[in-house]
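Asker: Residue numbers (this note's numbering), protein chains in the order written: chain A, 1 to 323; chain B, 324 to 718; chain C, 719 to 1097.
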Amino acid sequence: MFSNFVNQFWPATVDGLSLGAIYALVALGYTMVYGVLRLINFAHSEIFMIGTVAALFTVTKIGVSAPLAGFSLLGMLVLLAVVSAVVSGGAAVVLEYVAYRPLRRRGASRLAALISAIGASLFLQQLFALTVIPRLFDRPQEGGRLPVQSPNWVERSDAISIGDFVVRNDKLLIVIAAVLMMLGLDQFVRRTKLGRGIRATAQDPETAVLMGVNIDRIVTATFAIGGAMAGVAAALYLMRFESTNYFVGFLLGIKAFTAAVLGGIGNLRGALVGGFLLGLIELYGSVLFGSEWRDVVAFSVLVLVLMFRPSGILGESLQRARA
Amino acid sequence: MRRAFPRGLVAAAAASALVLSACGNSDDNGGGGDSGGSQPASVKLGFMGDLTGENSGIVIPPKNGAQMAIDEYNATNPATKIELKTYDSQGVPEQATALAQQALNTDKIVGLIGPAFSGESQQVGPILEEGEIPSISASATNATLAEKGWKYWHRILPGDRIQGTGIGEFISRAFTAKKVFVIHDNQDYSKGIADFVTAALKDKGVTVETDVIDPKASDYSSTVNKVKPANADAIFYGGYYAQAGPLLKQLREAGVKTRFLSGDGSLDAGLAKGAGGTNADGAVVGCPCLVDPTGVSNEASKKFSEAYKAKYKTAPAIYSAEGYDAASAFIAAIKAGKTTPKDINTFLSTLDQPGVTKQIKFGPNGEPAGGDVFVYLFKGPNYTLLGNSKDAKVG
Amino acid sequence: MSSKVGNPVGRAVDRTRDLWAEAPRWARWVVYLVLIVGAVLLPSRAIGSIMTPDSDWPTVLFYPIGVYILLAIGLNVVVGQAGLLDLGYVAFFAVGGYMMAVLGTRWGWSFWEILVLGTMAAALSGVLLGAPTLRLRGDYLAIVTLGFGEIVRKVAENTDYIGGPRGIAGIPHPPNLSRFEIFGVRPLRYGVLDPRPYYYLLLVLIVLVIVFAKRLENSRVGRSWAAIREDEDAAELMGVPTFRFKLAAFAIGASIGGATGVVWAGKVISIIPNNFPFILSATILAAVVLGGSGNIPGVMFGAFLIAWLPERFRGLQDYRVLSFGAVLVLMMILRPEGILPSRRRRAELAEGGGGSGHLGAEGAAPAASPDPGTAVATR
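(1) Going by DSSP in three states, Val531(B) sits in which element: helix, strand or coil?
(2) Give me the Cα-Cα distance between Asp695(B) and Leu252(A), rounded to the nearest whole angstrom.
(3) Confirm the yes/no value for this check: CB of Val785(C), any heavy atom of the ligand GTP, distance under 8 Å.
(4) Are the C-beta atoms of Lys572(B) and some chain A residue less than 9 Å apart?
(5) Measuring only the C-alpha atoms, how far is Tyr786(C) from Val1006(C)?
(6) So which residues of chain B does Asp15(A) contact, with C-beta pairs closer than 9 Å?
(7) Going by DSSP in three states, Asn705(B) sits in which element: helix, strand or coil?
(8) Reducing DSSP to helix, strand and coil, say where Phe498(B) ends up.
(9) Within 10 angstroms of the Cβ of Lys634(B), are there 16 or more other Cβ atoms? Answer buried if so, exposed if not.
(10) Quick one: list the residues of chain C neighbouring Lys514(B), beta-carbon separation under 7 Å, in chain order.
(11) Counting only beta-carbon atoms, is Gly909(C) nearer than 9 Å to chain B?
(12) 9 Å is my cut-off, CB to CB: does Glu377(B) come that close to chain D?
(13) Give a yes or no on contact between the segment 288-304 of chain A and the segment 863-877 of chain C, applying the rule of three or more CB pairs nearer than 8 Å.
(14) Whole angstroms is fine: what's the gap from Ala340(B)'s alpha carbon to Leu854(C)'s?
(15) What three-state label does DSSP hand Asp287(B) in the structure shown?
(16) Taking 9 Å as the threshold (C-beta atoms), are Ala178(A) and Leu25(A) in contact?
(17) Compute the Euclidean distance between the alpha carbons of Ser589(B) and Ala565(B), then round it to the nearest angstrom.
(18) Straight-line CA distance for Ser544(B) to Tyr246(A)?
(19) Whose C-beta lies closer than 6 Å to the C-beta of Lys661(B) among residues of the same chain, with five residues either side of it excluded?
(20) Taking beta-carbon pairs under 8 Å, can you tell me which members of the segment 525-537 of chain B lie near chain A?
(21) Using a C-beta to C-beta distance shorter than 7 Å, which residues of chain A count as neighbours of Ala565(B)?
(22) When you compare the CB of Gly442(B) with every CB in chain C, is at least one pair closer than 9 Å?
(23) Under three-state DSSP, which class holds Phe440(B)?
(24) At least one CB of chain A closer than 9 Å to the CB of Gly599(B): is that the case?
(25) If you compare alpha carbons, which of Ala439(B), Ser441(B), Phe440(B) and Ala423(B) is closest to Val433(B)?
(26) Skipping 5 residues on each side, what residues in its chain have a beta carbon closer than 6 Å to that of Asp772(C)?
(27) Who are the near neighbours of Ala945(C) in its chain, counting only those whose CB is closer than 6 Å to its CB and skipping five residues on each side?
(28) Residues of chain B with CB under 8 Å from Gln8(A), in chain order?
(29) Can you tell me the Cα-Cα spacing of Ile22(A) and Phe48(A), whole angstroms?
(30) When we look at the beta-carbon of Asn894(C) and count the other beta-carbons within 10 Å, is it buried (16 or more) or exposed?
(31) Can you tell me which of Glu690(B), Lys572(B) and Gly678(B) puts its alpha carbon nearest to the alpha carbon of Ala389(B)?
(32) I'd like the list of long-range same chain contacts for Leu283(A), defined as Cβ closer than 6 Å, with 5 residues on each side in sequence excluded.
(33) Relative to the C-alpha of Val813(C), which residue among Tyr781(C), Arg871(C) and Ser767(C) is closest?
(34) Would you call Leu753(C) buried or exposed, if buried means 16 or more other Cβ atoms sit within 10 Å of its Cβ?
(35) Report the three-state DSSP secondary structure of His477(B) (helix, strand or coil).
(36) So which residues on chain C does Leu422(B) lean against when the C-beta distance must stay under 8 Å?
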């Protein structure tokens, strides 16, 4: 068991980090919405799914004759990231407008909002399985549930290779992109006026309103940014797997939410730490106990961490802790 | 509403009558004709399986096959026509049981083609057994189904034990493998087939390593990382093509060039699509089913394929010929004037006639008499028949 | 703030409930009796041909309808009464189901013994999950319970002793109590063909659980739960041992889920780990909230709707789940407190913050104010 661990340490670390980077970007959406609304936005996983479909559609439409490498790969990735960030961000804003805003207006409980989120999640999944995917990719209806593949557009090669330590280009790109996005977002929330508004609302909505913050604008912005991050994650995901399906967000969403809680929900840096950590735990756990125990290990670690640090590793810092 | 009510009452009366008579004389002739012993004008057969769910891709072909057999028969203007009623269980056992009750109590079918999957068969089997309705499945291959002592249950293709053993022996013979990496997705069907392959390989003295993927996840890197240093002579994957394709892609992209094999769940062009590029070239998939559009194995198969293509504008896929054969078995019984479920069941036990895929003949436990496993080779976007697993060679 | 709902349906419901609240004792008993007789007559095929024309009504009445109702009552104890968000309730259903399967097939125990033991085992698993995690606040608890549900399913998948992914087949039925027959039904003979005896068994269990839950609600325990739900810190300060009561809620909810699992497994012959997916937890939670969290008739009605609608509209095939999702969103928008909300809960919600609390930013944008930008905070 431990000899396996030594043998597979580097591959597991690299794969854990690149998986964790995607978790982290998706986790941002959960954490931001939670910070501002105290809502587990269950449909966020579907926002991610929509992003992967948008990216796949774009790369299929553009058409790639041979796998891309170097700057053309980077250019394509940026293009896809922008497209799916816009689509996902837009979808998130529409989602908020349709499924959550009316509830906020009526002063509904958070439980009602959670159910609305689950309903929206089911609706979006089925909508894509039944109509969107069959239409976009010209498949018969029963094919909407099967995975869709993009043309092979990524030339995979080793970007770093030092003895045992080998990192493939796509995995490296994912990690770098995630960290860059995270730094950018962190600065945005710290320095801009909108960012201040988000932080103020997260801390104390009532006072924020008294100070002249427009709550609806802040909520819209929060969903748009969270959605855009999921869109970037979707483009990175597509680069790595070149395939998607209507169900792709489900497990990834649960994991990303777990990552957000692990790092301290409501905390942007927590999402990054939680994401990378969860990715590593999953990969190390698979090496040690077998891949079938991957999720069990991940959730067990979550329970253990919460027992000793009830508000996650970094705590809830976007706002003061409250019930 | 006004129409529904009295019909419901009749149904209720009929249902309680059925319960009253319990396990006994079901000379109730099912088709709704007169009970004087003469031939009813029509009888109902059922087809049950996942017609709209996730795995409908491997259930619609056998349904089409069965429908084709029945349409051909009805076109001959027989004394007793057959109506095929479909029950969409979506592969969910709970739904299947409710539908089976419906088929039994309200629709009064005389026989059932299906259920398509093993999970639903586990739960529907006892209901059909007690209701004395014969069934023939065209795709449920779980080994334990034949061990229940059910008298009314049959299947047209051999179970996972035969398939798994066939593939296992094929791997050790055709590739002279010393070490094989077996992967499965830890689901009902997949673990079954993977275990039989493993057992057959170990019998031949082959070393086996194992790992598991999560069918709901898309990142299989932990498994890939294990396969890579193992340096196996072949990889066997137990599961469906929706996961087999991406798994193969990730293996190839990680530089694993080992021969990839799988079982009937992966026998679909979707495997090549999911693997992307030319990654699936050279993959070998075993199946107890026969998909033989060019008639390599027999002439009937070619004729069937042509008729199927003419009717459905698409080539026959996995289990279509098995669905056709299952329906043919029922048709033979009804042609012989057996129109009650009990008579049909007795007839099935003595049936022995040539079908498209094999000689249609059932053993006392409901298993088909013949048990051939065929292997298929992927090349480009599709697969071709290599031959019987016992003697097929991979070029 | 008036708690009356604007739409006519809501008003009619309110009026009925006023009437009920003032009804004399004997009138209530008459209604109870009528309801039970109605439930006994429910599996008739005549009703079935209207309720589920495409499927077998008595079978549907057992699963999903009956099973969902019982699970919803159980989850309501945790979510509706104690205000704890549980996203992994299916785990307890699984514990009950596997107890029945393992003890029934391997150890030859009889159904009735397992019913008792399975209920206890589920309660114990509730305590095991609750003890380390119940100190966590709302949403942390939600993700931990979700994780617990997945852990239970995965462990079942990975454990060969209980069949791994292939599960357990050949689960025995409950022993026949009597061959006694009435109107063509043998309500105490548990065979394969007739689902009605199982439905009656479930019905008895549902009645018992309702009586139990109702009595709890009106006891010291129920009042403590209400206090915890409304303001945990205040309750703690007033001397309510909140941890102990929360643990009790978990154990009681779990035992109801476990009992349901035993009865269910006693009918279905075979179970596999995939019978217990996360989406089932979410569905039951949706039933509770849709019906009216905290109110037993409400959650029963919610569970009935959620179980029945997809079966009724089988003709829509694929679009069932799609419309189910849309209906959930729509219902929450139109009636966020549920179809038949608990009056106590509604009062809490009107005051603000009750139960599991508001959406964060909502505090600054109360329902009455069309423009949250100029709203004056109400708290």
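We put the beta carbon where it would ideally sit given N, CA and C, even for glycine. If you're wondering where the values come from, they're calculated on a predicted model, not measured in any experiment.
Answerer: With the structure as the only source:
(1) For the purposes of this step, residue 531(B) is taken as residue 208 along the second sequence, with counting starting at 1. The answer is strand: DSSP assigns Val531(B) an E or B state.
(2) Here residue 695(B) corresponds to residue number 372 of the second sequence, with the count starting at 1. Here residue 252(A) corresponds to residue number 252 of the first sequence, with the count starting at 1. Distance between the alpha carbons of Asp695(B) and Leu252(A) is about 41 Å.
(3) Among the components of this structure there are no ligands whatsoever, and the ligand GTP is therefore not found.
(4) For the purposes of this step, residue 572(B) is taken as residue 249 along the second sequence, with counting starting at 1. Yes, contact with chain A.
(5) As a first step, residue 786(C) is located in the third sequence; it is residue number 68 there, counting from the start. As a first step, residue 1006(C) is located in the third sequence; it is residue number 288 there, counting from the start. Cα to Cα, the separation comes out at about 10 Å.
(6) For the purposes of this step, residue 15(A) is taken as the residue at position 15 of the first sequence. Residues of chain B passing the Cβ test: Asp542, Ser544, Ser545, Val547 and Asn548.
(7) Numbered from its first residue, the second sequence carries residue 705(B) at position 382. Strand at Asn705(B).
(8) The residue given as residue 498(B) occupies position 175 in the second sequence. Coil.
(9) By 1-based counting over the second sequence, the position of residue 634(B) is 311. That one is exposed.
(10) As a first step, residue 514(B) must be located in the second sequence, where it is residue number 191. Neighbours of Lys514(B) on chain C, chain order: Gly882, Pro883 and Arg884.
(11) The residue given as residue 909(C) occupies position 191 in the third sequence. At least one chain B Cβ lies under 9 Å of Gly909(C).
(12) Among the protein chains of the structure shown, namely A, B and C, there is no chain D.
(13) yes
(14) Against the second sequence, residue 340(B) aligns to sequence position 17. Against the third sequence, residue 854(C) aligns to sequence position 136. With a pLDDT of 40 at Ala340(B), under the threshold of 50, the predicted position of this residue should be treated as unreliable, and no value is reported.
(15) Not covered by the structure: residue 287(B). The range shown for chain B is 324 to 718.
(16) On the first sequence, residue 25(A) is found 25 positions in, with the first residue counted as 1. On the first sequence, residue 178(A) is found 178 positions in, with the first residue counted as 1. Yes.
(17) To locate residue 589(B), count along the second sequence from 1; it is residue 266. To locate residue 565(B), count along the second sequence from 1; it is residue 242. Their backbone Cα atoms lie some 8 Å apart in a straight line.
(18) On the second sequence, residue 544(B) is found 221 positions in, with the first residue counted as 1. On the first sequence, residue 246(A) is found 246 positions in, with the first residue counted as 1. Computed Cα separation, rounded: 21 Å.
(19) Taking the second sequence and counting its residues from 1, one reaches residue 661(B) at position 338. For Lys661(B), where only same-chain residues beyond five positions count, the Cβ hits under 6 Å are Ile667 and Phe670.
(20) Asp534, Val535, Ile536 and Asp537
(21) If you number the second sequence from 1, residue 565(B) lands on position 242. Result: Leu146 and Pro147.
(22) Working through the second sequence from its first residue, we reach residue 442(B) at position 119. Chain C, which has a Cβ nearer than 9 Å to the Cβ of Gly442(B), makes this yes.
(23) Residue 440(B) sits at position 117 when you count from the first residue of the second sequence. Looking at Phe440(B) - three-state DSSP - the assignment turns out to be coil, as it is neither helix nor strand.
(24) By one-based count along the second sequence, residue 599(B) stands at place 276. Cβ-Cβ to chain A under 9 Å: yes for Gly599(B).
(25) On the second sequence, position 110 is the one that residue 433(B) refers to. Minimum Cα distance to Val433(B) is reached at Ala423(B).
(26) Here residue 772(C) is taken as the residue at index 54 of the third sequence, counted from 1. So the list reads Arg1032, once near-sequence residues are dropped.
(27) Locating residue 945(C) in the third sequence gives position 227, counting from the first residue. Only Ala953 and Val958 meet the Cβ criterion.
(28) Along the first sequence, read from residue 1 onward, the residue named residue 8(A) stands at position 8. By Cβ distance, chain B contributes Asn548, Lys549 and Pro552.
(29) On the first sequence, residue 22(A) is found 22 positions in, with the first residue counted as 1. On the first sequence, residue 48(A) is found 48 positions in, with the first residue counted as 1. C-alpha separation (whole angstroms): 10 Å.
(30) By one-based count along the third sequence, residue 894(C) stands at place 176. That one is exposed.
(31) For the purposes of this step, residue 389(B) is taken as residue 66 along the second sequence, with counting starting at 1. Ala389(B) has its Cα closest to that of Gly678(B), out of Glu690(B), Lys572(B) and Gly678(B).
(32) Here residue 283(A) refers to the residue found at position 283 when the first sequence is read from its first residue. Correct list, in chain order: Ala12, Asp15 and Gly16.
(33) Reading the third sequence from its first residue, position 95 is the one you call residue 813(C). Of Tyr781(C), Arg871(C) and Ser767(C), the residue nearest in Cα terms is Arg871(C).
(34) Position 35 of the third sequence holds residue 753(C). By the neighbour-count rule (16 or more Cβ atoms within 10 Å), Leu753(C) is not buried but exposed.
(35) As a first step, residue 477(B) is located in the second sequence; it is residue number 154 there, counting from the start. Residue state, collapsed to three classes: strand.
(36) As a working note, residue 422(B) is residue 99 in the second sequence. Here the neighbours are Ser773 and Asp774.
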